[in-house]
Amino acid sequence: MVLFVVSTLTFVMVNLAPGGPAIMMTMEMTPEQQDALRRQLGLDQPMAVRFVKWTASAMRADFGRSFSDRRRVNEVIAERLPNTLLLGGTALALSILIGVPAGIISATRRYSVTDHTVTFASFIGLSIPVFWLAIILILVFAVRLDWLPASGMATIGAPYSLTDRLAHLMMPAVVLATATLPNLVRFMRSALIEEIGQDYVRTARAKGLMPRRVLSHHAVRNALIPVVTVLGVLIPRLVGGAVITETIFGWPGMGQLAVASATGRDYPMVMALTVVVAIVVIITNLIVDLAYSWLDPRITYG
Amino acid sequence: MRARAMMALLLGLALVAGFLAPASGGPAVGGSVVFPIVGDPTFNPWHPRHFIESIPATRVLFNGLTKPGKDRAPAPDLAERWEVSSDGLTWTFFLRRGVKWHDGRDFTADDVKFTYDIVINPRMGAQQAGIYRIIKEVKVVNPTTVQFVLEAPVASLAVVMATNSGIIPRHAFAGVSDPWTHDAFNKRAPIGTGAFKIKEYVSGSYVTLERNPNYFGGAPTIETITFKVLPDANAQIAQLLSGDLTLAFIDNPALVRAVQGRPTIEVSTVPEATFYNVAPNFGNKLFQDRRVRQAIMHAWDRPAMIRGFLEGFATVASGPISPALGGYFNPNVKTYDFDRARARQLLAEAGWQPGPDGVLVKDGQRFRTTLTYPTIQYFDSLGALIQQYLRAVGIEVVLDGVDFNQFVSQRLLPRRFDLLAGWWRYPADPDMYPYMHSSNAERGFNLPVYKNSQVDTILEEGRKLTAVRDRKRVYDKLQEVVAEDLPYLYLWWPNEIRAINRRLKGVPALGLRDALQYTHEWRME
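In the order they appear, the protein sequences are chains D and Z.
Per my numbering, the first sequence starts with residue 1, numbered consecutively.
Per my numbering, the second sequence starts with residue 1, numbered consecutively.
Now the structure itself:
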């Protein structure tokens with residue numbers, strides 16, 4: 001149901017956007033060429049007919065051919081999605097592994113030097129423009145020091161190796177994590193501070209539990225609920241692709257594809273990307289809900 | 001003692017080096033070149049999606065019948081020579097013998113016919129079909145001779161064929177009904193005749209080509225050429241500096257300073273066969289008066305704009321034909337200095353008098369017009385600046401910046417604009433027929449909808465003449481007329497900015513796309 005609504009809305013919106021597929025919109029285009037291409041792409045048919053056809057083949061998980069290079073959309077997405085998952089997943093892992101502990105430390109040592117440092121650092125991270133940070137990292141680590149490769153996913157022509165992949169992954173993942181990490185830190189910190197002030201924490205302490213155990217078994221567990229909610233919002237964003245990061249580091253992911261398809265009015269590609277992201281949103285929401293009930297057994301569904 | 005050890009070492013090195021050098025004494029094979037492209041390429045020069053990201057690779061993989069000569073005249077490529085019938089309607093190309101496709105099959109006239117039959121088929125909508133629709137028929141005379149029969153004479157045919165007109169192999173498309181969805185060729189394993197053949201393609205990342213030792217123009221010495229997908233201009237600069245890229249063009253002149261003066265990189269400029277312009281819509285009464293068009297040419301300070309937007313990497317244009325065309329360029333035409341007094345005077349002669357708020361008025365009508373431009377490159381700032389320049393002489397301009405897609409579909413094609421800022425890039429030939437002849441006014445590239453019988457006659461004559469001297473006379477005249485009459489309001493001729501690592505030698509002094517048709521002469525030191 002959700003998928004149907006999303007795809008209908010998207011279909012109508014992309015088709016109503018002014019202009020047309022980029023292959024028909026060059027300055028050297030003649031009206032005869034335009035007519036020929038319009039027929040080839042099936043754009044000579046009314047929108048309703050095209051939508052019915054699209055829905056019918058999308059049901060069979062066939063998203064047709066791209067309006068730009070005419071490749072099968074499924075093939076292109078199958079190439080790009082794993083790359084984005086790798087980059088997004090690494091950035092997410094970095095954010096969680098650093099963000100959650102940093103938030104906890106910050107909350108438990110409120111107003112200490114550590115807390116101020118973490119808060120300050122996360123504000124810096126939040127305010128640095130991604131494109132600037134990316135270029136600076138390239139200039140320092142690729143141009144000046146020559147430690148890391150400046151772009152791409154692998155050394156050109158070299159056989160696959162894990163170290164090579166990690167070296168290429170390092171800078172884009174850090175840049176991407178810089179954008180998500182501060183959010184997590186802030187949420188973790190404020191949620192935990194709130195939990196620490198709750199009655200049940202005081203009770204737990206009063207009955208003589210070790211402070212560390214109070215924190216890990218009670219307070220943090222409850223404070224994770226808003227953090228998981230934030231993750232539920234962040235994950236689809238990462239899967240949709242980090243446009244700027246991908247563009248600067250030449251990372252062949254979904255973000256680059258999405259922008260090119262939208263500006264090029266590549267309707268089938270835009271539609272397929274929308275459906276993929278919508279599916280991810282649905283799955284993430286499911287996982288988030290499951291995580292809620294695991295974190296707080298009082299929450300049940302059904 | 002130490003000196004002797006040194007001597008022995010040197011001797012040893014010399015010996016080793018002697019063994020390593022090829023027996024023939026020719027240049028050693030080796031080195032790899034890396035060139036940035038802005039997106040995933042499509043390896044078919046006629047594919048509707050053959051855009052800027054694809055051009056570099058297909059220039060290397062394929063050969064046309066002709067190629068851009070180093071002397072700016074079309075040079076033989078797959079055709080050894082060609083003849084034009086006296087009426088200019090039949091072109092006969094004599095093909096090079098013994099040329100092999102990358103898969104070892106023979107190249108023949110059938111491949112040429114196959115290629116151009118796709119191009120002139122109106123149902124295909126092939127790239128450049130608009131330029132080639134003048135071809136009526138392609139005939140195979142024998143396996144090494146092919147004839148093109150034209151609807152009307154086009155003397156520039158050999159020049160047009162020199163760029164982005166690669167011949168594709170008939171056998172690779174056997175049994176394929178739609179050449180545009182033949183992914184095995186277009187997106188994975190293209191087969192050409194060029195100096196390099198496909199080695200590895202990683203979608204979204206890079207494509208590597210390896211040397212074709214059987215190349216008919218001579219075996220290349222570079223081992224591989226890699227086209228790396230790198231859409232961001234800043235990242236390209238960083239990688240030029242780090243040595244990850246061997247060469248690139250710099251689209252944004254503001255970035256030139258970052259590479260200028262670096263010991264490893266040589267920056268050079270090459271004039272382009274392109275003119276930036278503002279097209280006045282002749283369907284609008286405002287611009288039908290030549291004095292008004294001349295007044296606008298005096299109203300703007302083009303040298304200042306070139307300094308501001310292009311860091312000086314362009315030349316003020318006196319007409320459509322740029323100095324890139326060498327002998328065909330005529331410098332002795334009417335030019336327009338930045339002179340507001342002259343602009344006001346011309347407008348006054350045309351009957352426009354300043355109104356109470358400074359905006360010109362004629363017969364109760366205010367001089368108010370719209371400037372349309374695409375929101376790419378520096379056009380936003382350019383639009384704002386032109387608005388100010390024109391306001392200073394009493395013309396009120398409303399800005400209409402639209403994204404490129406809409407620019408083409410909603411403004412350019414239906415001719416729905418007053419003033420349209422844009423550019424034309426044309427083959428290295430003075431034939432301006434597509435851009436100025438009245439037959440192209442409503443449906444072709446004649447954006448201003450300009451109709452001038454004198455210009456029509458000149459353009460028709462130029463297409464019939466084949467001798468360079470005769471053509472020069474005709475096109476000298478054309479340049480005089482269009483400098484005076486202004487079908488377009490000329491802005492500038494841009495220079496292509498090339499940044500090349502100094503280790504790479506043998507790149508001819510052409511635009512980089514054209515230089516890619518000479519990769520067999522490139523070498524790394």
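Glycine included, C-beta positions come from ideal geometry on N, C-alpha and C.
Exercise. Quick one: any contact between the region 94 to 108 of chain D and the region 71 to 86 of chain Z, if contact means 3 or more CB pairs under 8 angstroms?
Worked result: Too few Cβ pairs lie closer than 8 angstroms, so no.
Exercise. Quick one: is ARG443(Z) buried, meaning 16 or more other Cβ sit within 10 Å of its Cβ, or exposed?
Worked result: Stepping through the second sequence from its first residue, residue 443(Z) is reached at position 443. ARG443(Z) comes out exposed.
Exercise. Does LYS362(Z) have its Cβ less than 7 angstroms from a Cβ in chain D?
Worked result: As a first step, residue 362(Z) is located in the second sequence; it is residue number 362 there, counting from the start. Chain D contact via Cβ: absent.
Exercise. Along the chain, where does the alpha helix (DSSP H) that runs through PHE131(D) open and close?
Worked result: To locate residue 131(D), count along the first sequence from 1; it is residue 131. 130 to 137 is the span of the alpha helix (DSSP H), which, as asked, contains PHE131(D).
For this session: Helix, strand or coil for PHE93(Z), going by three-state DSSP, please let me know.
Result: For the purposes of this step, residue 93(Z) is identified with residue 93 of the second sequence, where counting begins at 1. Three-state DSSP puts PHE93(Z) in a strand.
Exercise. So which residues on chain B does LEU37(D) lean against when the C-beta distance must stay under 8 angstroms?
Worked result: Of the protein chains in the structure, D and Z, none is chain B.
Exercise. Roughly how many angstroms separate the alpha carbons of TYR433(Z) and ASN446(Z), rounded to a whole number?
Worked result: Taking the second sequence and counting its residues from 1, one reaches residue 433(Z) at position 433. Taking the second sequence and counting its residues from 1, one reaches residue 446(Z) at position 446. Near 9 angstroms, if we compare the C-alpha coordinates of ASN446(Z) and TYR433(Z).
Exercise. Along the chain, where does the beta strand (DSSP E) that runs through ASN15(D) open and close?
Worked result: For the purposes of this step, residue 15(D) is taken as residue 15 along the first sequence, with counting starting at 1. Taken as a continuous stretch (DSSP letters only), ASN15(D) belongs to no beta strand (DSSP E), being part of the alpha helix (DSSP H) at 2 to 16.
Exercise. If ALA142(D) sits next to SER242(Z), beta carbons under 8 angstroms apart, how far is it from one beta carbon to the other, in whole angstroms?
Worked result: Taking the first sequence and counting its residues from 1, one reaches residue 142(D) at position 142. Taking the second sequence and counting its residues from 1, one reaches residue 242(Z) at position 242. Confirmed, about 5 angstroms.
For this session: Select from LYS67(Z), SER177(Z), PRO213(Z), TYR116(Z) the residue whose C-alpha is nearest the C-alpha of TRP101(Z).
Result: Stepping through the second sequence from its first residue, residue 101(Z) is reached at position 101. For the residues LYS67(Z), SER177(Z), PRO213(Z), TYR116(Z), the minimum Cα distance to TRP101(Z) belongs to PRO213(Z).
For this session: Would you give the residue range spanned by the alpha helix (DSSP H) that ILE196(D) belongs to?
Result: For the purposes of this step, residue 196(D) is taken as the residue at position 196 of the first sequence. In the DSSP annotation of this structure, the continuous segment of the alpha helix (DSSP H) that includes ILE196(D) starts and ends at 162 to 196.
For this session: Determine, using beta carbons only, whether VAL275(D) and SER66(D) come nearer to each other than 7 angstroms.
Result: Here residue 275(D) is taken as the residue at index 275 of the first sequence, counted from 1. Here residue 66(D) is taken as the residue at index 66 of the first sequence, counted from 1. No; because the gap between Cβ atoms is not below 7 angstroms, this pair is not in contact.
Exercise. How close, in whole Å, do the beta carbons of ALA260(D) and GLY39(Z) come, if the pair is a contact with beta carbons under 8 angstroms?
Worked result: Here residue 260(D) refers to the residue found at position 260 of the first sequence. Here residue 39(Z) refers to the residue found at position 39 of the second sequence. Taking 8 angstroms as the upper bound for CB-CB distance, ALA260(D) and GLY39(Z) are in contact here, some 6 angstroms apart.
For this session: Starting from GLU200(Z), find everything on chain D with Cβ-Cβ shorter than 8 angstroms and list it in chain order.
Result: Position 200 of the second sequence holds residue 200(Z). For the C-beta of GLU200(Z), the chain D residues within less than 8 angstroms are, from N- to C-terminus, GLY157.
Problem set entry | Rounded separation between LEU126(D) and ARG189(D) - CA only | Mapped onto the first sequence, residue 126(D) falls at position 126. Mapped onto the first sequence, residue 189(D) falls at position 189. Rounded to the nearest angstrom, the two C-alpha atoms are 15 angstroms apart.
Exercise. Which residue comes first and which comes last in the beta strand (DSSP E) that contains GLU83(Z)?
Worked result: If you number the second sequence from 1, residue 83(Z) lands on position 83. Residues 79 to 84.
Problem set entry | PRO430(Z) versus LEU325(Z): straight-line alpha-carbon distance, rounded | Stepping through the second sequence from its first residue, residue 430(Z) is reached at position 430. Stepping through the second sequence from its first residue, residue 325(Z) is reached at position 325. Distance between the alpha carbons of PRO430(Z) and LEU325(Z): 7 angstroms.
Problem set entry | Whole-angstrom C-beta distance between PHE249(Z) and ARG59(Z), which should lie under 8 angstroms | Position 59 of the second sequence, counting from 1, holds the residue named residue 59(Z). Position 249 of the second sequence, counting from 1, holds the residue named residue 249(Z). The beta carbons of ARG59(Z) and PHE249(Z) sit about 13 angstroms from each other, so the pair does not count as a contact at 8 angstroms.
Exercise. Could one say the Cβ of VAL143(D) lies closer than 7 angstroms to chain Z's Cβ atoms, at least one of them?
Worked result: Here residue 143(D) is taken as the residue at index 143 of the first sequence, counted from 1. The C-beta of VAL143(D) comes closer than 7 angstroms to at least one C-beta of chain Z.
For this session: Flag this pair as touching only if the region 452 to 462 of chain Z and the region 225 to 239 of chain Z have three or more C-beta atom pairs under 8 angstroms; answer yes or no.
Result: With fewer than three CB-CB distances shorter than 8 angstroms, the region 452 to 462 of chain Z does not count as touching the region 225 to 239 of chain Z.
For this session: Using the DSSP secondary-structure output, state which residues sit across from LYS187(Z) in a beta bridge.
Result: Taking the second sequence and counting its residues from 1, the one referred to as residue 187(Z) is at position 187. Its beta-bridge partners do not exist; DSSP assigns none.
Problem set entry | PHE107(Z) beta carbon less than 7 angstroms from that of GLY194(Z) | If you number the second sequence from 1, residue 194(Z) lands on position 194. If you number the second sequence from 1, residue 107(Z) lands on position 107. No, the Cβ-Cβ distance between GLY194(Z) and PHE107(Z) is not below 7 angstroms.
Exercise. On the premise that ARG307(Z) lies in contact with ALA392(Z), defined as a C-beta separation below 8 angstroms, what is that separation, rounded to the nearest angstrom?
Worked result: As a first step, residue 392(Z) must be located in the second sequence, where it is residue number 392. As a first step, residue 307(Z) must be located in the second sequence, where it is residue number 307. Under the criterion of beta carbons closer than 8 angstroms, ALA392(Z) and ARG307(Z) do not qualify as touching, at roughly 18 angstroms.
Problem set entry | Beta-ladder partner(s) of LYS139(Z), from DSSP | Sequence index remark: in the second sequence, residue 139(Z) carries index 139 (1-based). BP columns for LYS139(Z) point to GLN147(Z).
For this session: Mark PRO122(Z) as exposed unless 16 or more other C-beta atoms lie within 10 angstroms of its C-beta, in which case mark it buried.
Result: Translated into the one-based positions of the second sequence, residue 122(Z) becomes position 122. It is exposed - the Cβ of PRO122(Z) has fewer than 16 other Cβ atoms within 10 Å.
For this session: Report the rounded CA-to-CA distance for SER409(Z) versus GLY232(D), giving the unit in angstroms.
Result: Locating residue 409(Z) in the second sequence gives position 409, counting from the first residue. Locating residue 232(D) in the first sequence gives position 232, counting from the first residue. Answer to the nearest angstrom: the Cα atoms are 40 angstroms apart.
Exercise. Is ALA23(Z) helix, strand or coil when you go by DSSP?
Worked result: As a working note, residue 23(Z) is residue 23 in the second sequence. Legend: pLDDT at ALA23(Z) = 41, less than 50; position of this residue unreliable, value from coordinates given subsequently. Looking at ALA23(Z) - three-state DSSP - the assignment turns out to be coil, as it is neither helix nor strand.
Problem set entry | Minimum C-alpha distance to TYR201(Z) - residue among PRO41(Z), GLU80(Z), PHE309(Z), GLY192(Z) | As a working note, residue 201(Z) is residue 201 in the second sequence. In terms of CA proximity to TYR201(Z), PRO41(Z) leads the group PRO41(Z), GLU80(Z), PHE309(Z), GLY192(Z).
Exercise. What residues from the region 436 to 457 of chain Z come within 8 angstroms of chain D, judged by C-beta to C-beta, listed N to C?
Worked result: The region 436 to 457 of chain Z vs chain D, Cβ under 8 angstroms: ARG443, GLY444, PHE445.
Exercise. Whose C-beta lies closer than 7 angstroms to the C-beta of THR229(D) among residues of the same chain, with five residues either side of it excluded?
Worked result: The residue given as residue 229(D) occupies position 229 in the first sequence. Excluding residues up to 5 positions away in sequence, VAL288 lie with their Cβ nearer than 7 angstroms to the Cβ of THR229(D) in the same chain.
Problem set entry | Cβ neighbours of ALA48(D) in the same chain (closer than 6 angstroms, five flanking residues each side left out) | Indexing the first sequence from 1 puts residue 48(D) at position 48. Nothing listed; no residue qualifies.
Exercise. Residues in its own chain within less than 8 angstroms of PRO303(Z) by CB, not counting five upstream and five downstream?
Worked result: Here residue 303(Z) refers to the residue found at position 303 when the second sequence is read from its first residue. Excluding positions up to five away in sequence, the list reads VAL316, PHE338.
Exercise. If we count the other Cβ atoms within 10 Å of its Cβ and call it buried at 16 or more, is PRO46(D) buried or exposed?
Worked result: In the first sequence, counting from the first residue as 1, residue 46(D) sits at position 46. Exposed, by the Cβ-count rule.
Exercise. Any C-beta of chain Z sitting closer than 7 angstroms to the C-beta of GLY20(D)?
Worked result: Counting from one through the first sequence, the residue named residue 20(D) turns up at place 20. Interface residue, yes.
Exercise. Along chain D, in chain order, which residues have C-beta atoms closer than 8 angstroms to that of TRP180(Z)?
Worked result: Counted from its first residue, the second sequence places residue 180(Z) at position 180. Residues of chain D passing the Cβ test: GLN40, ARG70.
Exercise. Got a sec? Which residues, its chain only, sit under 8 angstroms from PRO22(Z) by beta carbon, not counting five neighbours each side?
Worked result: Numbered from its first residue, the second sequence carries residue 22(Z) at position 22. Residue placement at PRO22(Z) cannot be trusted, given a pLDDT of 41 that sits under 50; the coordinates are not used to answer.
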